[in-house]
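Heads up, the thing below is written out as structure tokens.
Residue numbers (UniProt numbering): 1 to 263.
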């Protein structure tokens, strides 16, 4: 009986060539195709977060490449943040998050005036349209979450660190209400840079409670337009919110030196 069991196939081991579609790759592209095929399998759900990946040896055998090339493919996937690689353990798929994008923005922007100014411009390009989508797609649960964040914002008026966290949560919630995964990743990726900007914005000078309430009011108008399901009003309210910050941006950075810049 034990001999018969020994000859049975091990159904627990995936057919990696079939799963990863390695059979139809031209020999000249084998090395370049490893990352592409592994990434495709993760994106389309054949490999899910938490699933184990084939070993370096299995990847090499599946694609007909050397182990060093297989090892480098896994390293690149780990650098992208899509797999978790630990010495002596099986590599596993990670849920896609904004970590790699956030690292990229921190490197690209740093704390330079030009980088932060460009980050502000990028937000102004993105967030009015995001607010419009949020107004079209919001659910009752979305609205309840947005209202709860507005309560937090009101409770933290004048408390700069707590306000910044609530403000970030508000904008991230609007991104979530657009129900577009890439929008959420984009806003979360920008968050470390936005946080730096918010710290500078709120540290310019002493702000009166009336100043804080005016800022809160701009957020309330955005929320009301989204809750009303009015995309045009939501987009306009978000544009108005950013326009109101122009004076503060000039205080922080000085006049905009770019062609057509204000200041």
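Beta carbons: idealized from backbone N, C-alpha and C, even for Gly.
Computed from a predicted structure; not experimentally measured.
Assigned with DSSP and collapsed to three states, residue 173 falls in helix. Taking 8 Å as the upper bound for CB-CB distance, residue 177 and residue 137 are in contact here, some 6 Å apart.
The alpha-carbon separation between residue 45 and residue 93 amounts to approximately 11 Å.
Check the Cα spacing between residue 184 and each of 131, 72, 161, 175: the tightest is with 175. The beta carbon of residue 235 is closer than 7 Å to those of 128, 129, 131, 132 in its chain, skipping five residues each way along the sequence. By the Cβ-count criterion, residue 208 is exposed, with fewer than 16 other Cβ atoms from all chains shown falling within 10 Å of its own Cβ. Ranked by Cα distance from residue 134, the first of 14, 38, 35, 228 is 228. Per the DSSP secondary-structure output, residue 84 pairs in a beta bridge with 92.
In summary, residue 63 is buried, with 16 or more beta-carbon neighbours lying within 10 Å of its beta-carbon over all protein chains present.
Taking the C-beta atoms as reference points, residue 106 is found nearer than 8 Å to residue 192. When DSSP states are grouped into helix, strand and coil, residue 52 belongs to the strand group. In this structure residue 173 is in contact with residue 145, their Cβ atoms being roughly 6 Å apart against a cut-off of 8 Å.
When Cβ pairs closer than 8 Å are counted between the two stretches, the stretch 31-40 is seen to touch the stretch 70-86, the count reaching three or more. Here residue 53 is not near residue 98, since their CB atoms are 8 Å or more apart. Take residue 89, set aside five residues on each side of it, and no residue of its chain has a beta-carbon closer than 6 Å to its own.
With a contact defined as Cβ atoms closer than 8 Å, residue 70 and residue 60 qualify at about 4 Å.
DSSP, reduced to helix, strand and coil, places residue 229 outside both helices and strands of the structure shown, so it counts as coil.
Counting the other CB atoms within 10 Å of its CB gives residue 201 a total of 16 or more, which places it among the buried residues.
One alpha carbon belongs to residue 155, the other to residue 48, and they sit about 40 Å apart. Around residue 67, the same chain offers 56, 57, 60 as residues with beta carbons nearer than 7 Å, after the five sequence neighbours per side are excluded. Secondary structure at residue 185: helix, using DSSP grouped into helix, strand and coil. A straight line joining the alpha-carbon of residue 168 with that of residue 38 spans about 34 Å. For residue 178, the secondary structure class from DSSP, reduced to helix, strand or coil, is coil. Excluding five sequence positions before and after residue 84, the CB atoms of its chain that fall closer than 6 Å to its own CB belong to 92, 94, given in chain order.
Secondary structure note for residue 142: its alpha helix (DSSP H) is the uninterrupted segment 140-155.
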